[in-house]
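K.L.:
As they're listed, the protein sequences go chains Y and H.
The numbering of the first sequence is my numbering, which starts it at 38 and goes up by one.
The numbering of the second sequence is my numbering, which starts it at 38 and goes up by one.
Protein chains: 2
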Amino acid sequence: VAVLGLGRIGSAVADLLASGACAPHLEATIAGALVRSADGRRATTPFPICTEPLAIFDARPDVVIEVLGGLEPARTVVLEALSRGIPVVTANKTLIATYGDELFAAATRFGTPLRCEAAVVAGVPFLGTFAARPLAASVDRVTAILNGTSNFVLSRVDGGVAFEEALADARRLGYAEPDPSKDVDGSDAAEKLAILVRHFARLSIRPSGIAAESIENVGPDEMRAARALGGRIKPVAVAEWSSPDLGCFAGPAFLPEDDLLGGLGGVLNGVRLERRGSAAIHLIGPGAGPEVTARAVLDDVVEALGGRQQVGVGALPRASVGPPASQGYFVTLRATSLPDAVDVADLLAAHGVWIRRWDALQAHPDGELRAFLTFPCLPDELLMALRALAAASACAATSRPIVEARRD
Amino acid sequence: VAVLGLGRIGSAVADLLASGACAPHLEATIAGALVRSADGRRATTPFPICTEPLAIFDARPDVVIEVLGGLEPARTVVLEALSRGIPVVTANKTLIATYGDELFAAATRFGTPLRCEAAVVAGVPFLGTFAARPLAASVDRVTAILNGTSNFVLSRVDGGVAFEEALADARRLGYAEPDPSKDVDGSDAAEKLAILVRHFARLSIRPSGIAAESIENVGPDEMRAARALGGRIKPVAVAEWSSPDLGCFAGPAFLPEDDLLGGLGGVLNGVRLERRGSAAIHLIGPGAGPEVTARAVLDDVVEALGGRQQVGVGALPRASVGPPASQGYFVTLRATSLPDAVDVADLLAAHGVWIRRWDALQAHPDGELRAFLTFPCLPDELLMALRALAAASACAATSRPIVEARRD
Chain Y
38 VAVLGLGRIG SAVADLLASG ACAPHLEATI AGALVRSADG RRATTPFPIC
88 TEPLAIFDAR PDVVIEVLGG LEPARTVVLE ALSRGIPVVT ANKTLIATYG
138 DELFAAATRF GTPLRCEAAV VAGVPFLGTF AARPLAASVD RVTAILNGTS
188 NFVLSRVDGG VAFEEALADA RRLGYAEPDP SKDVDGSDAA EKLAILVRHF
238 ARLSIRPSGI AAESIENVGP DEMRAARALG GRIKPVAVAE WSSPDLGCFA
288 GPAFLPEDDL LGGLGGVLNG VRLERRGSAA IHLIGPGAGP EVTARAVLDD
338 VVEALGGRQQ VGVGALPRAS VGPPASQGYF VTLRATSLPD AVDVADLLAA
388 HGVWIRRWDA LQAHPDGELR AFLTFPCLPD ELLMALRALA AASACAATSR
438 PIVEARRD
Chain H
38 VAVLGLGRIG SAVADLLASG ACAPHLEATI AGALVRSADG RRATTPFPIC
88 TEPLAIFDAR PDVVIEVLGG LEPARTVVLE ALSRGIPVVT ANKTLIATYG
138 DELFAAATRF GTPLRCEAAV VAGVPFLGTF AARPLAASVD RVTAILNGTS
188 NFVLSRVDGG VAFEEALADA RRLGYAEPDP SKDVDGSDAA EKLAILVRHF
238 ARLSIRPSGI AAESIENVGP DEMRAARALG GRIKPVAVAE WSSPDLGCFA
288 GPAFLPEDDL LGGLGGVLNG VRLERRGSAA IHLIGPGAGP EVTARAVLDD
338 VVEALGGRQQ VGVGALPRAS VGPPASQGYF VTLRATSLPD AVDVADLLAA
388 HGVWIRRWDA LQAHPDGELR AFLTFPCLPD ELLMALRALA AASACAATSR
438 PIVEARRD
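(1) Are the C-beta of Gly160(H) and some C-beta of chain Y separated by less than 8 Å?
(2) Should Asp336(H) be flagged as near chain Y, meaning a C-beta pair shorter than 8 Å?
(3) Tell me the DSSP secondary structure of Glu89(Y) in three-state form.
(4) Enumerated in chain order, which unbroken segments of the beta strand (DSSP E) with a length of 3 residues or greater are wholly contained in the region 258-301 of chain H?
(5) Take Arg312(Y) and list the residues in its own chain whose beta-carbon comes closer than 7 Å to its own, dropping the five residues that flank it on each side.
(6) For Glu64(H), count the other beta carbons within 10 Å of its own beta carbon; 16 or more makes it buried, fewer makes it exposed. Which is it?
(7) May I ask which residues mark the beginning and end of the alpha helix (DSSP H) holding Phe50(H)?
(8) Taking the straight line between their C-alpha atoms, what separation do you get for Val299(H) and Val334(H)?
(9) Considering Cα atoms alone, identify which of Gly365(Y), Ser363(Y), Tyr366(Y) and Asp396(Y) is closest to Gly377(Y).
(10) For the pair the region 229-237 of chain Y and the region 396-414 of chain Y, tell me if three or more CB-CB distances fall below 8 Å.
(11) How many angstroms separate the CA atom of Asp417(H) from the CA atom of Ser224(H)?
(12) Tell me whether Asn129(H) sits in a helix, a strand or coil according to DSSP, three-state version.
(13) Which residue comes first and which comes last in the alpha helix (DSSP H) that contains Glu418(H)?
(14) Less than 8 Å between CB atoms is the rule here; does Ala169(Y) satisfy it with respect to chain A?
(15) CB-CB under 6 Å to Leu172(H), same chain, minus the five flanking residues each way: which ones, in chain order?
(16) DSSP on Pro171(H), reduced to helix/strand/coil?
(17) Could you tell me which residues DSSP puts in a beta bridge with Asn306(Y)?
(18) Taking the alpha-carbon of Thr166(Y) as reference, which of Pro272(Y), Ser430(Y), Glu340(Y) and Thr330(Y) has the nearest alpha-carbon?
(19) Show which residues of chain Y have a CB atom less than 7 Å away from the CB atom of Arg178(H).
(20) Using three-state DSSP, classify Ser436(H) as helix, strand or coil.
(21) Under 8 Å, CB to CB, which of the residues in the region 320-333 of chain H have a partner in chain Y?
(22) What first and last residue would you give for the beta strand (DSSP E) that runs through Gly404(Y)?
(23) State yes or no: is the beta carbon of Ala65(H) nearer than 8 Å to at least one beta carbon in chain Y?
(24) Go to Val157(Y), then tell me how far its beta strand (DSSP E) extends in each direction, as first and last residue.
(25) Is it buried or exposed, Glu228(Y), if we count other Cβ atoms within 10 angstroms and call 16 or more buried?
(26) From the DSSP output, read off the bridge partner residues of Gly359(Y).
(27) For Ser315(Y), which residues in chain H fall below 8 Å Cβ to Cβ?
(28) Report, in whole angstroms, the separation of the C-beta atoms of Gly324(Y) and Val158(Y), which I expect to be a contact under 8 Å.
(29) Between which two residues does the alpha helix (DSSP H) carrying Thr373(Y) extend?
(30) Rounding to the nearest angstrom, what Cα-Cα distance links Ser120(Y) and Pro90(Y) in this structure?
(31) For chain Y, is any of its Cβ atoms less than 8 Å away from the one on His62(H)?
(32) Keeping to the same chain, check which residues put their C-beta closer than 6 Å to that of Ala290(H); ignore five residues upstream and five downstream.
(33) Does any residue of chain H bring its CB to less than 8 Å from the CB of Ile86(Y)?
(34) Using three-state DSSP, classify Ile392(H) as helix, strand or coil.
(35) Report buried or exposed for Pro162(H), applying the criterion of at least 16 other Cβ atoms within 10 angstroms of its Cβ.
(36) Are Ala442(H) and Ala434(H) close, meaning C-beta to C-beta below 8 Å?
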């Protein structure tokens, strides 16, 4: 195999192959590796190193493992491999989310396997499974926790830790990248969600078209208010579709605490697949980490060498993305002195926003804090209602969508 | 396709095919069906019906779907199909659990796909997935809720309903068979566990060799005591292995309430896969029901026609089965008047059983009830200790194994 990239994942792939853990299912050696800068590594690796992307083919690999991350030179080398009939395994979510159409079309055209199980919830194999099983895959909603770092951070915030401190913990424990902005701002989850939309909705979308919200302004007081209302704030990604509409969201949302995803702590990831009239499927496990990802990559190599293509994920119709249907909102109000609940309810109702449940008034360093859940309403209705409230009473409002499993 | 059996599942397969839900992935028609008794059905079905098992091959099917249940004539027809090179899809857990060695050996010998995804947690495809992915499949413990009926019944008991009433509810809602004894006594779960042992431990065992316990003597008072100690009684199946030892159990066990399987209610099924040093994987979804099973069967047909064998599940070494390593026990004591906790603890400690946590003394129609959790101990130590306790104080004791996820 040729390994593109010898970062944390590429090194874990090399270690796992050297450890013999793959025998007898996979007897593979590294024929060569592509790195951005060779530094002194040529002397320390037992396989050839190159820095010129297309020179990797001089090693005549049977499979190309792409764990470079980013768009180029990953895209160019993957396309070249596919055109040469060399199966490709990638863990690169950005690449598949961005160039999935082009890459899977090339894989189909050249009849070459292209697999990306490690790109989404690396510890739970399911993309290839559902791609090969059309009835199981005919779902119309996916709800998921796709970013372990942000789940860890919000779980710590739920434990009373401030956001910045929780993020520092994640960095110290090696969960967060030196630059964790893609984890925090929802764009990592949006890329993975675009891959899930490709696999399950069979639609092609730009990840940047998904409304993504940062988790950075979720604090312990908002989390306490969510608990008081029977839920938790979780970093979720949601996609639902019903021809021709596709609604997506990635960001902090209010999940009931008895929800399997709502109860998922630490760095765990989870995916819920729903089809009307049927009980939901939940797939839960580790989402990332060098060893977990390396194992998924090498299992993909086994499958690719067995000739297994990921069926039916070639070029797909482009879709535009709106928001998912509202299931209501979790709203937190903060002010020096909050208006009476009755007055708030009256004002919101005038804008079409109806309150389902209040929690108790809490003291807050800067005044008072209260939270409530609304019935489903349009995002614009909520926006106008909260603006009117702010104008009338000088209170600051934060809102999170409620995300619940369907109860059929 | 030929369909062996036109009961609830066979009829659902026929309905699903007729509905067009499988297009464009599978364009199949029923070439013939085998039934035990034709009755008046020859006139009502749009396909030929036969009652002579091997006559089904006169229909020249491309795939054989076996949903007869039971051992014969299922085994004979499946072997005949495999020997003729006709792929077989079965939902028959008893058949695979009992004759898995012979059937998969035949499938391998004749190079004919044999698939059984619907036999275990029909709503979540995973057997084929993990069979094709050796690194993901290298786990050393499986913990599962494999029988929806018994999960439903114990969930109702947890809600305060007596066992018999809960079972009657399950029958009325169509979850339980007219004869639910295999659901209740753990033998259905043991058969499914034997299939999981085959797939993950790569060992062949007789399902009757698995220690199975009935859920029928679990009542609301025991469930309340479990809750007081932070857990629930769930109908679980456990297998763990470490060469050359294999430990298995199927029956009611004490699970922590924050455990993903411990919190699983209704008729849901779930599987936890554990490997030391890695976070567990949980797969959760509907376990049975005619439509869920029919969908899994037809997805298997799609995969079988794509030439996909379930890799590596041919004839396997036979293993003998012991109990899993103890994680401690949940013990309930009932007596007209219970001895002091200190005296109970003393007596048990003399037999090597140490108490981890007591709940509070409860009144009970026949006297008093108390429960406690023990530290891990040998089954024989617990047995002798509880016998000594019964002799000393005339109290009745019930014990359930504690089953917890490893905390690595």
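Here a beta-carbon is modelled for each residue, glycine too, at the ideal position from N, C-alpha and C.
Here the structure is a predicted model, which means the values were calculated and not measured.
P.N.:
Judging by the given coordinates:
(1) Gly160(H) counts as touching chain Y.
(2) Chain Y contact via Cβ: present.
(3) Reduced to three states, the DSSP call for Glu89(Y) is coil.
(4) The region 258-301 of chain H contains, as complete beta strand (DSSP E) runs of 3+ residues, the segments 268-279 and 282-293 (chain order).
(5) Same-chain partners within the cutoff: Ser175, Val176 and Asp177.
(6) The residue is exposed, with fewer than 16 neighbouring Cβ atoms inside 10 Å.
(7) First, the residue type needs correcting, since residue 50(H) is Val and not Phe in the sequence shown. Arg45 to Ser56 is the span of the alpha helix (DSSP H), which, as asked, contains Val50(H).
(8) The sequence given here has Gly at residue 299(H), not Val. Going by the C-alpha atoms only, they are around 29 Å apart.
(9) Residue identity check: residue 377(Y) is Asp in the sequence provided, not Gly. When only C-alpha atoms are compared, the closest one is Asp396(Y).
(10) The region 229-237 of chain Y, when compared against the region 396-414 of chain Y, does not touch it at the 8 Å Cβ threshold.
(11) In a straight line, the C-alpha of Asp417(H) is about 23 Å away from that of Ser224(H).
(12) Collapsing the DSSP output to three states places Asn129(H) in coil.
(13) Per DSSP, Glu418(H) belongs to the alpha helix (DSSP H) from Pro416 to Ser430.
(14) The structure shown contains no chain A; the protein chains it does contain are Y and H.
(15) Cβ within range, chain order: n/a, list empty.
(16) Collapsing the DSSP output to three states places Pro171(H) in a helix.
(17) Per DSSP, Gly322(Y).
(18) In terms of CA proximity to Thr166(Y), Glu340(Y) leads the group Pro272(Y), Ser430(Y), Glu340(Y) and Thr330(Y).
(19) Against Arg178(H), chain Y offers no close residue; the least beta-carbon distance is about 14 Å (beta-carbon pairs closer than 7 Å).
(20) Ser436(H) falls in the strand class under three-state DSSP.
(21) For the region 320-333 of chain H, which is checked against every Cβ of chain Y, the residues closer than 8 Å are Leu320, Ile321, Gly322, Pro323, Glu328, Val329, Arg332 and Ala333.
(22) Annotation: the continuous beta strand (DSSP E) that includes Gly404(Y) extends over Gly404 to Thr411.
(23) So, not an interface residue.
(24) Following the DSSP letters along the chain, one finds Val157(Y) in no beta strand (DSSP E), marked with neither H nor E.
(25) It counts as buried.
(26) In the DSSP output, where bridge partners are listed per residue, Gly359(Y) has Gly284(Y).
(27) Within chain H, the residues near Ser315(Y) are Gly160, Pro323, Glu328 and Val329.
(28) Rounded, the Cβ-Cβ distance is 5 Å, consistent with contact.
(29) For Thr373(Y), there is no enclosing alpha helix (DSSP H), as DSSP marks it with neither H nor E.
(30) Here the alpha carbons of Pro90(Y) and Ser120(Y) stand approximately 15 Å from one another.
(31) For His62(H), the answer is yes, since a Cβ of chain Y falls inside 8 Å of its Cβ.
(32) Excluding its 5 nearest sequence neighbours in each direction, Ala290(H) has C-beta neighbours in its own chain below 6 Å: Val273, Arg437, Pro438 and Val440, listed in chain order.
(33) Ile86(Y) does not count as touching chain H.
(34) Residue state for Ile392(H) is assigned as strand, using DSSP reduced to three classes.
(35) Buried, because 16 or more other Cβ atoms sit within 10 Å of the Cβ of Pro162(H).
(36) No. Outside cutoff.
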